[in-house]
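Residue numbers for the sequence shown follow our numbering, beginning at 398 and rising by one.
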Amino acid sequence: MKFTALDFETATGYRTSICQIGLVHYENGLVVDEINLLIQPPDNYYWEKFIDVHGITPEQTENAPNFGEVWNQIKPYIENQNLVAHNGFGFDFQCLSKSLEHFQLPIPKYIGHCTYKIYGANLASLCRKYKIELNHHDALSDARACGELFLMHLNQK
């Protein structure tokens with residue numbers, strides 16, 4: 398089975414304010430590609446409390462591309478794929494659709510899966526329980542952890 402684990406960090410509470418993308422693509426249970434990108438959110442605007450969570454600052458993204466500029470790079474890993482995120486339906490899939498709308502880009506078809514719905518617990522506690530390495534609120538680390546949890550789920554079937 399092929400799937401992509403995805404995580405977004407945002408600069409504010411707005412779903413269009415993506416400032417980091419972490420993406421891990423799996424085929425037959427193995428990682429075949431990873432993408433870790435800093436993204437300039439609209440107006441490079443951040444809320445201080447979000448900086449406190451993920452540590453990403455406006456200075457780090459002032460010269461970074463915006464979401465519209467990286468979309469073609471990440472689109473092949475999302476379009477017509479099994480897309481997995483932790484709290485995906487409550488957050489990451491909304492970030493994806495709202496950011497695409499913001500840049501007037503079409504929303505691709507994908508099959509969404511949510512490891513929060515599968516396991517019913519937060520990412521940090523699941524990683525402690527299953528001894529999965531996690532640098533929480535780093536998008537690539539969160540995506541890797543989510544991918545490992547989804548692999549565990551698939552192997553239980």
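Yeah, the Cβ is synthetic: ideal placement off N, Cα and C, and Gly gets one too.
- Counting the other Cβ atoms within 10 Å of the Cβ of Phe486 gives fewer than 16, which makes it exposed.
- Of all alpha-carbon atoms in Gly419, Pro455, Leu427, the one lying nearest the alpha-carbon of Val467 is that of Gly419.
- For secondary structure counted as the alpha helix (DSSP H) over 4 or more consecutive residues, the segment 482-553 holds these complete runs in sequence order: 490-499, 512-516, 520-527, 536-553.
- One Cα belongs to Pro438, the other to Asp539, and the distance between them is close to 19 Å.
- Nearest to His451 by alpha-carbon distance, out of His483, Ala461, Ile475, Ile415, is Ile415.
- Residue pairing of Lys399 in beta bridges, as defined by DSSP: Glu424.
- In this structure, the CA atom of Thr401 is about 20 Å from the CA atom of Tyr527.
- Residue state for Gln417 is assigned as strand, using DSSP reduced to three classes.
- Distance between Asn469 and Asp440, taken at the CA atoms: about 21 Å.
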